[in-house]
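The block underneath contains the structure these notes are about, expressed in structure tokens.
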Amino acid sequence: MRGLRLSSILAVVAVGASAIPTKGISSPYDGFKVFRVKTQGHPSAIQEKLSNITFEQWNHDVNSHIDIVVAPDQLPVFAELGLEFDVMHEDLGASIAAESVHSSLWKRQAGDPSWFDSYHDYNDHIEYFQSLHDLFPDNSEIISSGSSYENRSLYGIHLWGTGGPGKPAVLYHGTVHAREWISTATTEYLTYKLVTGYNAGDRDARSALDKYDFYIIPIVNPDGFAYTQTTQRLWRKNRQPGPNGSTCYGRDINRNWEFAWDANPLGASTNPCSQTYKGERPSDTPENQGLDKLVRQLRDGAGIKLYIDWHSYGQYILSPFGYKDTLYAPELGKWTKAAQIVSDAIRDSSSDLTTFTFGPSGATLYPTTGAAPDHVYSIGRAEFSYTIELRDIGRYGFVLPPELIRPTVEEQWAGQKVLWSLLDEEFFDGVGPA
Ligand SMILES: *[C@@H]1O[C@H](CO)[C@@H](O)[C@H](O)[C@H]1NC(C)=O
Ligand SMILES: *[C@@H]1O[C@H](CO)[C@@H](O)[C@H](O)[C@H]1NC(C)=O
Ligand SMILES: *[C@@H]1O[C@H](CO)[C@@H](O)[C@H](O)[C@H]1NC(C)=O
Ligand SMILES: [Zn+2]
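Heads up: the sequence shown runs through residues -19 to -1, 1 to 415, numbered per mature numbering (1 follows the signal peptide of the UniProt record, and there is no 0).
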């Protein structure tokens, strides 16, 4: 049951928001709780009980648990349902307030890692990439992958090493889902480590940039991202008005890619009010059009070696295909092997032994149509193409406290530098389809 009861909770949120003066973004969720309800392999029985209340569901893989946001007026009924659960957020409003977005206060040097101790607003993110470019003027350029519906830039950076630019591309997209803030920080951290590492003679940064051109776009859904910081922290889609006079806003840019857009009715929603609304036609979001244009340009240039779409949460490394859970690409063996090595590197680097589950997206998690990795592999001909779902596995979900930014981004550096080092290895020869 995808997007279960979503429209009703959006109504609840809207009522909460209008009842409270607009001071900060936390107020609409004051008193809301987030629960991880155990399903123990029997989600439908639990879903039936939950149908007695309104809630917003955070996860789609409901076999072991359902993560739900419950409004204050629903809590007494929820308590009577007799469910087994853990509390993820005792007061979601307070957790959001504790994320404390720093806006227009950022005056530090780009080389200062304390950038990764807090969350930041859109304009400061632009400034941050500009300052990373200033640290690396001869080996980088600020780029744009087009404009959003509200005309914000899908800005990014292009990095290269010795003899560049012009090598095969590593392409990273962050923040396609507006509320997944940790993906912004992660793509920025990888950029920061590449730039400062290259300047300092770091072996991993040098060898990666001497082999590949990096194209890193940290916020591919800037309108949605801005909206999560002004209005509704848990917004996911872009901010395009609905079709046919629908009052619901937004299309899911990651269900809007052309390849296999309409291949599986379970893979996305046709309802403009759903969080996974796919649009009326493939690539009918300005954001997707700009992103796809760059994908095709890179394909027709030196080619795409590696693509990663960074998301949260759940700790997964997922390869094509998403649209069909029984379809295995010929490259699946090497993709899975590489994902396993990345997963091991992350685990070994983290003090708390973070584990990532890996495999083909549709079979491992749930079907998705019009999602980026299928398209960038099938149309963009990327040799490696993944979705990475970052921390956590359901303690905090989308609202990850700022003190967890550093451990999250640092373990991804550990994973990526291992991945870059083996993309061209003969190591993969003979690894057949899994
Ligand atoms: C849920 O609602 C149904 C009626 O819609 C009622 O019969 C049932 O007792 C309720 N269950 C719980 C656990 O409250
Ligand atoms: C975006 O820019 C275009 C061209 O300047 C303009 O026509 C359009 O109204 C703008 N859209 C928004 C939402 O501001
Ligand atoms: C909007 O209208 C068009 C044309 O009638 C129709 O094909 C489409 O399905 C409608 N979309 C929605 C979401 O109702
Ligand atoms: Zn996502």
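Where is the CB? At the ideal position from N, CA and C, for every residue including glycine.
Three-state secondary structure (DSSP) at residue i?
| i | result |
| --- | --- |
| Arg17 | strand |
| Tyr294 | coil |
| Pro341 | strand |
| Gly5 | Its pLDDT being 44, under 50, Gly5 is placed unreliably in this model, and the value from its coordinates should be taken loosely. Residue state, collapsed to three classes: coil. |
| Ile322 | helix |
| Lys398 | helix |
| Thr368 | strand |
| Glu384 | helix |
| His101 | strand |
| Arg274 | Note that residue 274 is Lys in the sequence shown here, rather than Arg. Reduced to three states, the DSSP call for Lys274 is helix. |
| Leu313 | helix |
| Glu407 | helix |
| Pro203 | helix |
| Gln38 | strand |
| Ser330 | helix |
| Ile289 | strand |
| Leu299 | strand |
| Tyr109 | helix |
| Ser188 | helix |
| Ile348 | Rather than Ile, the amino acid found at residue 348 in this sequence is Pro. Three-state DSSP puts Pro348 in coil, outside helix and strand. |
The beta strand (DSSP E) with residue i in it runs from where to where?
| i | result |
| --- | --- |
| Pro24 | Here Pro24 belongs to no beta strand (DSSP E); instead the alpha helix (DSSP H) covers Pro24 to Leu31. |
| His139 | Ser134 to Leu140 |
| Val50 | His46 to Val51 |
| Ser126 | Ser121 to Ser128 |
| Val151 | Ala150 to Gly155 |
| Ile197 | Asp194 to Ile198 |
Tell me whether residue i, by its Cβ, gets closer than 8 Å to a heavy atom of ligand 4.
| i | result |
| --- | --- |
| Glu370 | yes |
| Glu161 | yes |
| Ser250 | no |
| Asn245 | no |
| His41 | no |
| Arg133 | no |
| residue 419 | The shown model of the chain, from -19 to 415, leaves out residue 419, and the question about it has no answer. |
| Ser293 | yes |
| Val157 | yes |
| Arg217 | yes |
| Val235 | For the record, residue 235 in the displayed sequence is Asn; it is not Val. Asn235: yes, Cβ under 8 Å from ligand 4. |
Consider the C-beta atom of residue i and the heavy atoms of ligand 2; say whether any pair is separated by less than 8 Å.
| i | result |
| --- | --- |
| Tyr130 | yes |
Would you say the beta carbon of residue i comes nearer than 8 Å to a heavy atom of ligand 3?
| i | result |
| --- | --- |
| Asn225 | yes |
| Pro253 | yes |
| Glu392 | no |
| Glu261 | yes |
Since residue i and residue j are thought to touch, with beta carbons under 8 Å apart, how far apart are those beta carbons, to the nearest angstrom?
| i | j | result |
| --- | --- | --- |
| Val82 | Asp48 | Not quite, the Cβ-Cβ distance comes to about 23 Å (not below 8 Å), so this is no contact. |
| Tyr109 | Glu169 | 6 Å |
| Glu268 | Ser129 | 5 Å |
| Thr167 | Val390 | 5 Å |
| Ile298 | Ile234 | So it is not a contact: roughly 21 Å between Cβ atoms. |
| Leu171 | Tyr153 | 7 Å |
| Tyr193 | Lys315 | No, Tyr193 and Lys315 are not in contact; Cβ-Cβ is about 17 Å, not under 8 Å. |
| Leu179 | Gly205 | At residue 179 the sequence reads Tyr, which differs from the Leu that was named. No, Tyr179 and Gly205 are not in contact; Cβ-Cβ is about 32 Å, not under 8 Å. |
| Val68 | His46 | Not quite, the Cβ-Cβ distance comes to about 13 Å (not below 8 Å), so this is no contact. |
| Asn219 | Thr251 | 17 Å between Cβ atoms; not a contact. |
| Arg362 | Arg280 | 5 Å |
| Phe240 | Ser359 | 5 Å |
Start and end of the alpha helix (DSSP H) containing residue i?
| i | result |
| --- | --- |
| Asp67 | Taken as a continuous stretch (DSSP letters only), Asp67 belongs to no alpha helix (DSSP H), being part of the beta strand (DSSP E) at Phe66 to His70. |
| Gly74 | Leu73 to Glu80 |
| Thr212 | Per DSSP, Thr212 belongs to no alpha helix (DSSP H) and is neither H nor E. |
| Phe59 | Leu56 to Glu61 |
| Lys174 | Ile163 to Ala181 |
| Tyr358 | Ala353 to Ser359 |
Touching by the beta-carbon criterion (3+ pairs, under 8 Å), the region 373 to 385 and the region 302 to 317: no
Taking 8 Å as the threshold, find out whether the region 236 to 254 comes into contact with the region 204 to 212 through three or more Cβ pairs. Contact between the region 236 to 254 and the region 204 to 212 is absent: fewer than 3 CB-CB pairs across the two stretches fall below 8 Å.
Three-pair Cβ contact test at 8 Å for the region 212 to 230 versus the region 141 to 160: yes
For the region 261 to 275 against the region 325 to 337, do three or more pairs of beta-carbon atoms, one drawn from each stretch, fall closer than 8 Å, so that the two count as touching? no
Does the region 291 to 302 come within contact of the region 338 to 355, defined as at least 3 CB pairs closer than 8 Å? yes
Given 8 Å, three or more beta-carbon pairs between the region 274 to 286 and the region 342 to 349: no
Is the number of C-beta pairs between the region 282 to 297 and the region 360 to 375 that are closer than 8 Å three or more? yes
Under 8 Å, with one C-beta from each stretch per pair, do the region 91 to 104 and the region 37 to 45 reach the 3-pair mark? no
Are the region 11 to 28 and the region 52 to 59 touching by the rule of at least three beta carbon pairs closer than 8 Å? Yes: at least three Cβ pairs fall under 8 Å.
Any chance the region 132 to 141 sits against the region 194 to 204, with 3 or more Cβ pairs inside 8 Å? yes
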